[in-house]
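*Asks:* Protein chains in written order, with our numbering: chain A, 138 to 252; chain B, 7 to 117.
Glycine included, each C-beta is placed from N, C-alpha and C at the ideal position.
Source: prediction; values computed, not measured.
Got a structure for you, written out below as structure tokens; questions coming shortly.
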Amino acid sequence: GAGVSQSPSNKVTEKGKDVELRCDPISGHTALYWYRQSLGQGLEFLIYFQGNSAPDKSGLPSDRFSAERTGGSVSTLTIQRTQQEDSAVYLCASSLFSGSSETQYFGPGTRLLVL
Amino acid sequence: GDSVTQMEGPVTLSEEAFLTINCTYTATGYPSLFWYVQYPGEGLQLLLKATKADDKGSNKGFEATYRKETTSFHLEKGSVQVSDSAVYFCALSDGFNKFYFGSGTKLNVKP
């Protein structure tokens with residue numbers, strides 16, 4: 138079956154521009170997660186959605202970052218006024234339910250480069 | 007805050023060697039613990055998990071035991087294969103839907 142998909146797979150942008158990253162979770166999965174992986178670093182938890190709600194946004198690095206989820210499905214991570222330190226791989230994952238023991242299924246990631 | 011520390015790589019082994027990748031954690035509550043693996047050119051996928059102390063997770067010949075007394079979740083395999091070459095990530099969930107990942111350990115297995 139279809140897994141988690143993300144688009145675009147690669148994005149190059151100029152400093153100061155806005156970017157939108159898209160995640161399509163596995164159909165029927167209620168929980169959706171966004172992570173950032175900088176070069177040589179582990180995954181940094183950004184935000185999660187249960188349905189369309191994001192109960193905890195404290196992982197977002199700054200107020201330039203925002204995320205939404207519509208229809209309990211597709212999610213968009215938006216970075217405004219991009220900075221060079223935003224360059225990273227952005228990963229999305231989904232799970233059937235939210236919960237600490239649930240298995241997450243990861244997408245291939247969007248590689249963002251800010252020049 | 008909660009965190010995960012895992013051994014730095016790369017780890018290079020010959021085929022059929024014994025593998026240990028160390029992982030220790032810091033958590034205020036009762037976390038669940040995971041090992042995820044990323045094969046070359048693929049996305050992260052769950053390898054195994056343990057949800058409470060003394061649980062042992064196992065899959066594909068890999069094992070890890072949730073040790074609360076040493077706050078560890080070391081990954082082991084008795085005989086690695088070339089196909090096990092990948093990056094391995096230790097992770098915990100704090101019970102509030104926040105997940106913390108280690109920085110990953112790259113394993114290279116030579117024939």
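So, is the C-beta of D61(B) closer than 8 Å to a C-beta in chain D?
*Replies:* The structure shown contains no chain D; the protein chains it does contain are A and B.
*Asks:* So which residues of chain A does T57(B) contact, with C-beta pairs closer than 7 Å?
*Replies:* Simply S238.
*Asks:* In the DSSP assignment, the beta strand (DSSP E) including Q187(A) goes from what residue to what residue?
*Replies:* Looking at the DSSP string, the run of the beta strand (DSSP E) that includes Q187(A) is L180 to Q187.
*Asks:* Quick check: the Cα distance between C96(B) and L39(B), rounded to an integer number of angstroms?
*Replies:* Taking the straight line from one Cα to the other gives about 8 Å.
*Asks:* What whole-angstrom Cβ distance do S99(B) and F105(B) have, given they're in contact under 8 Å?
*Replies:* Contact holds; Cβ gap of about 5 Å.
*Asks:* Which residues does DSSP list as the beta-bridge partners of V10(B)?
*Replies:* The partner list for V10(B) (beta bridge, DSSP) reads Y31(B).
*Asks:* With a threshold of 16 other CB atoms inside 10 Å of the CB of G63(B), please say whether the residue is buried or exposed.
*Replies:* When all chains shown are included, G63(B) counts as buried.
*Asks:* Does V141(A) come out as helix, strand or coil in the three-state DSSP assignment?
*Replies:* The answer is coil: DSSP assigns V141(A) none of H, G, I, E or B.
*Asks:* Would a C-beta distance cut-off of 8 Å place L250(A) and K152(A) closer than the cut-off?
*Replies:* Not closer than 8 Å, so no.
*Asks:* What residue from S142(A), Y227(A) and T207(A) has the CA that sits closest to I216(A)'s CA?
*Replies:* Taking only the C-alpha atoms, the option nearest I216(A) is Y227(A).
*Asks:* Pull up the DSSP beta-bridge partners for G63(B), would you.
*Replies:* Paired residue(s): A70(B).
*Asks:* Could you tell me which residues DSSP pairs with K112(B) in its beta bridges?
*Replies:* Bridge partners of K112(B): V93(B).
*Asks:* When we look at the beta-carbon of R206(A) and count the other beta-carbons within 10 Å, is it buried (16 or more) or exposed?
*Replies:* Looking at its Cβ environment, which holds 16 or more other Cβ atoms inside 10 Å, R206(A) is buried.
*Asks:* Is there a Cβ of chain A sitting closer than 8 Å to that of S109(B), yes or no?
*Replies:* S109(B) counts as touching chain A.
*Asks:* Which residue's Cα is closest to the Cα of L158(A): S237(A), Y242(A) and A225(A)?
*Replies:* Looking at the Cα atoms, A225(A) is the closest of the given residues.
*Asks:* Just to confirm before moving on: does the CB-CB distance between H166(A) and S238(A) stay below 8 Å?
*Replies:* Not in contact: H166(A) and S238(A) (Cβ atoms no closer than 8 Å).
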